[in-house]
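Notes follow the structure.
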């Protein structure tokens, strides 16, 4: 199972490049190992082209390296905190995707003005607190902010988006959709305020998309 | 014939990616089966890389699955309504392309300020009503709005563009051109209002492009 | 020689795609046949993927088809007019590249605020008159506007850029640089007016770039 | 060693294309030859596709051609000046990447409003003086401006960014990150001023990123 996750993470990091969410080495994906208190994550500062299944590292839920030759991502503590406090989460993604990071820089939630936002996020995409690497404040900020929202994405203040999902692929999807709506809503607002989608419609769209969309 | 349409739809979905109209699985193309009350459409939530001719599904004009192993696109009801009420339409496309969707979010038609808009759209690109998945209100909104315009594109309020064409390729072309002009006109207006193309010139350009442009 | 130009034009049309100057079939490149009153140009409405050396068509300086199985580009009359009235021109390009076309939509010349503009354009990029397909008014607008500028690019009002060069490659380069500076200057001006480069510096930069840059 | 640098520079120029920092031939990378008063640099006006290890040229620290069949980059004098006056610098990059060049056109430093800027730049990205090709004023402007900043990037007024690094790869990374933050901060500021990251946090982030990030 860990071997499968290592391979999947190589592909999912390439999705970050493909959808223009990252430059150079500035983003990472992790996946919880089902049934164990472990997760697999990108090594720190390694370019996406150079990633191999073997280069991925395995950490425990305190962020300590358990398996692997390389140092784990410098965001490992934040991923670990999320897995420890959200047993429902199987994947975490962090990027500095430009439009989502611009909303994060202003500390402004993305309002739910598109049916596609209602589908995926079930409302606005919230802003988390300013927190920097060094303790568990980033992880705590993610978990506390998302506790009050249906959104799988949070914009950490002056930093960038973190997304979660039932598995790593779902978290990558949320990162892709987060940047997509961050961009579209930014563009829309350049000529004035935009009307939010009605709350009842948001609820119906979210319910349908989460339960009917896709293949059974 | 259905087999040919299945193959063509794989290629046309790749065009949505190529021209940056969609992310992840958020867009779909369908094609009417000539001479039958059927159309072929993308399966729901399947990634563009994974699409094969066999994965496409066939539906009737009430949107019911007729042939195929997968669930049809969640926008199938809207496509079906258009085919049922517009016998001249052979292809339908739906995307959330960012600039067109931004105009849709504001509920603002794209004014005809470019000769390229006159060519392809014969005037402004109109806005359709706010409508959500669940009944025939999206399909009805598309058909009623386009009845009053030469444009093959409509911006459904808070949602995104739908385009039609004599076949699926023409509808994809309209989706590509819709996003292109949505972007250019957005950029142009950032420094103030832009003068529309004179109505008589629009008519001459539209007539020429529809009847002379391309190969006989 | 005509065969060489046919092959080169296939490659140069791919450059239009590569640098994001065109979508679908909306742009064209032509090349004068040295020593003859002829030029080679793209056929109308053919996708860039489908272009072959054989698909290119040869026209005379009145825009009449001389050789080839397909109808010439619908912009052929404009290209022909330029070759007829500017014997120094060996290549012409037309696109609807988004930022250049946005300046054209506003009818606003691009001010020379970057050293890269001084290098390639020797000053501002001017705006040509509003003119539509049907007579020689586009060609005339290009020639008359460029007569008063060092710029190899002109922004035809409400339409888009045309560029010229000593050969087709130089005209493509001018189209690429025109969109590049159109975009950068647009972005720069979003936070207020931008100081032009001093006229004497423009002259020195232009002279150096035209005479020293590149390989002897 | 020179052969290795020639090969590496081919790859690094492709990175400029990959990350959308350059169009046509408008950007260059150089690498100091360790232990010698020499550096390797791109030839002038050669397209990125045509670059080979053999096409690269070797110059001394006065910018004179020492080895190679082609004329060196027209920015060679600026690169030479930097190597001569900054013995710690092993690589230099110059581009006209659009967002960074837009800030340069306005002569406005990029404020440190993102944790990613604190990481890589340790504060704002400063603006250097207006200077044109012909003497050592560009090189001097780079060196004097960067003497007062931790940033490896400087925005030369009305021109574009120059970046430095311990080697050519680090300078390319700085160019990539410079454009990335130039874009994100531009987007962020479109809806009003953005709060800078607290100075103490900037120092902690910079220290950590420079000393802990990546592999030992």
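Protein chains in written order, with the UniProt record's numbering: chain R, 1 to 216; chain W, 1 to 216; chain D, 1 to 216; chain B, 1 to 216. Here a beta-carbon is modelled for each residue, glycine too, at the ideal position from N, C-alpha and C.
May I ask which residues mark the beginning and end of the beta strand (DSSP E) holding residue 186 of chain D? Premise fails: residue 186 of chain D lies in the alpha helix (DSSP H), 168–189, not in any beta strand (DSSP E).
Name the chain D residues whose beta carbon is nearer than 7 Å to that of residue 113 of chain W? 105 and 158
Anything in the stretch 70–104 of chain B with a Cβ closer than 7 Å to a Cβ of chain D? List those residues in chain order, please. 70, 71, 74, 96, 98, 99, 101 and 102
Distance, residue 4 of chain B Cα to residue 38 of chain B Cα: 14 Å
Counting only beta-carbon separations shorter than 9 Å, does residue 151 of chain W have a partner in chain R? no
Is residue 156 of chain D helix, strand or coil when you go by DSSP? strand
Mind listing, in chain order, the continuous beta strand (DSSP E) runs of no fewer than 3 residues lying wholly within the stretch 32–106 of chain B? 38–41, 57–60, 65–67 and 91–95
Going by DSSP, what residue range makes up the alpha helix (DSSP H) through residue 13 of chain R? 2–18
Taking residue 112 of chain D and residue 197 of chain D to be in contact with their CB atoms under 8 Å, please state how far apart those CB atoms are, rounded to whole angstroms. Rounded to whole angstroms, the Cβ separation of residue 112 of chain D and residue 197 of chain D is 6 Å, and the two are in contact under 8 Å.
Separation of residue 70 of chain B from residue 55 of chain B, as counted between CA atoms: Going by the C-alpha atoms only, they are around 7 Å apart.
Please confirm if residue 180 of chain W has its CB atom under 9 Å from at least one CB of chain D. Residue 180 of chain W counts as touching chain D.
Endpoints, alpha helix (DSSP H) assigned at residue 116 of chain D: For residue 116 of chain D, the enclosing alpha helix (DSSP H) begins and ends at 115–121.
Same chain only: Cβ atoms within 7 Å of residue 214 of chain B, ignoring 5 sequence neighbours per side: There are no such residues.
Tell whether a beta-carbon distance below 9 Å holds between residue 16 of chain W and residue 93 of chain W. The answer is yes: Cβ separation under 9 Å.
In whole angstroms, what is the alpha-carbon distance linking residue 205 of chain R and residue 8 of chain W? 31 Å
Here's the rule I'm using: 16 or more other beta-carbon atoms within 10 Å means buried, otherwise exposed. How should residue 96 of chain B be labelled? Counting the other CB atoms within 10 Å of its CB gives residue 96 of chain B a total of 16 or more, which places it among the buried residues.
Given this structure, state the Cα-to-Cα distance separating residue 58 of chain R from residue 216 of chain R, to the nearest angstrom. 32 Å
Give me the Cα-Cα distance between residue 151 of chain R and residue 88 of chain W, rounded to the nearest whole angstrom. 42 Å
Start-to-end residues for the alpha helix (DSSP H) that takes in residue 144 of chain R: 137–146
In terms of alpha-carbon separation, which member of D:191, D:24 and D:2 lies closest to residue 232 of chain B? Given that chain B is displayed from residue 1 to residue 216, the structure contains no residue 232 of chain B and the question cannot be resolved.
When you check each C-beta in the stretch 7–33 of chain W against every C-beta of chain R, which residues fall closer than 7 Å? 23, 24 and 26
Can you confirm whether residue 130 of chain R, when its beta carbon is compared against all beta carbons of chain B, has any partner nearer than 9 Å? yes
So residue 72 of chain D and residue 65 of chain D are in contact, right, with Cβ under 8 Å, and what is the actual spacing, rounded? 6 Å
Beta-carbon proximity list for residue 136 of chain B, same chain, < 7 Å, skipping 5 on both sides: 77 and 81
I want to verify the contact list: residues of chain C whose CB lies under 8 Å from the CB of residue 43 of chain D, in sequence order. Among the protein chains in the structure shown, which are R, W, D and B, there is no chain C.
What distance in whole Å lies between the Cβ atoms of residue 13 of chain W and residue 42 of chain W, which are believed to be in contact at a cut-off of 8 Å? 6 Å
Of the residues that make up the stretch 190–214 of chain D, which ones have a beta carbon closer than 8 Å to any beta carbon in chain W? Flagged, chain order: 190.
So residue 202 of chain W is in the alpha helix (DSSP H); what residue range does that whole segment cover? 199–211
Exposed unless 16 or more other CB atoms sit within 10 angstroms - verdict on residue 18 of chain B: Exposed, by the Cβ-count rule.
Is it the case that the Cβ atoms of residue 46 of chain D and residue 2 of chain D are separated by a distance below 9 Å? no
Say whether the stretch 151–164 of chain W touches the stretch 141–159 of chain D, bearing in mind that this needs 3 or more beta-carbon pairs closer than 8 Å, one atom from each stretch. no
Can you tell me which of D:166, D:68, D:120 and D:115 puts its alpha carbon nearest to the alpha carbon of residue 86 of chain D? D:166
Buried versus exposed, by CB contacts within 10 Å (16 or more), residue 119 of chain W: buried
DSSP state of residue 25 of chain B mapped onto helix, strand, coil: coil
Among W:207, W:138, W:6 and W:132, which residue has its Cα nearest to the Cα of residue 202 of chain R? W:132
So for residue 127 of chain B, helix, strand or coil by DSSP? strand
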